[in-house]
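Sequential numbering from 5 applies to the sequence shown in our numbering. Written below as C-alpha cells is the structure these notes are about.
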Amino acid sequence: MTQISHTAPDQGATAAQTAQSAVASVRTPEPLNVLDKVGMGILGLLTLSGLWMMLAPFLVDTQKRGAEWSAGTTNDFFVGLVLAVLSLGALVTVLAGGLTAIARRARERAASTQA
C-alpha cells in the first residue's frame with residue numbers, strides 16, 4: 005500500500021518541486037511483502053503434503069513391498085506428484101520474482117550512488 009504525505013506545500017515552492025516531494029514521499033513496496041511470505045509458506049506446506057501423499061502408502065505399510073500397486077496407492081501417488089510439482093513450481097516462481105525485484109532495486113541504488 006502506498007502512503008502519500010498530506011503536508012501543505014511550501015508557499016515559495018514551484019509546482020515541479022511540490023510534485024517531486026510528493027513522489028519522494030510515496031513509499032515503495034518491499035519485493036517480498038508479508039502476503040508473499042505467507043503464500044510461500046503455504047506453498048511449501050502444499051509441497052510437503054504432496055510428497056507425503058506420494059510416500060504414505062509405502063511408509064505406513066498399506067502397500068506391501070513388491071506387490072502390485074492397488075488403485076488407492078496409484079491414486080495417492082499421482083495426485084501427490086501433481087500437487088508437489090505444481091506447488092513447488094509456484095513456490096519457485098514467487099521466490100524468483102522476489103529475487104528479481106531485490107536485484108533490480110540493488111542495481112537502481114548502485115546507479116543512483118554512482119551518479
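Where is the CB? At the ideal position from N, CA and C, for every residue including glycine.
Q: Would you mind sorting L87 into buried or exposed? The rule is 16 or more other CB atoms within 10 Å of its CB.
A: On the sequence shown, position 83 is the one that residue 87 refers to. For L87, the number of other beta carbons within 10 angstroms of its own is at least 16, and it is reported as buried.
Q: Name the two residues that bound the continuous alpha helix (DSSP H) containing A119.
A: Working through the sequence shown from its first residue, we reach residue 119 at position 115. No alpha helix (DSSP H) contains A119, which DSSP labels as neither H nor E.
Q | Cβ contact (3+ pairs, closer than 8 Å) linking the segment 50-68 and the segment 103-114 | A | Counting Cβ pairs under 8 Å, fewer than three are found: no touch.
Q. Hey, is the segment 73-87 in contact with the segment 39-48, meaning 3+ C-beta pairs nearer than 8 Å?
A. no
Q) From T117 to L49, what distance separates their C-alpha atoms? A) Counted from its first residue, the sequence shown places residue 117 at position 113. Counted from its first residue, the sequence shown places residue 49 at position 45. Going from the Cα of T117 to the Cα of L49 covers about 41 Å.
Q: At 3 residues or longer, and completely inside the segment 30-79: list those beta strand (DSSP E) runs for me, N to C.
A: none
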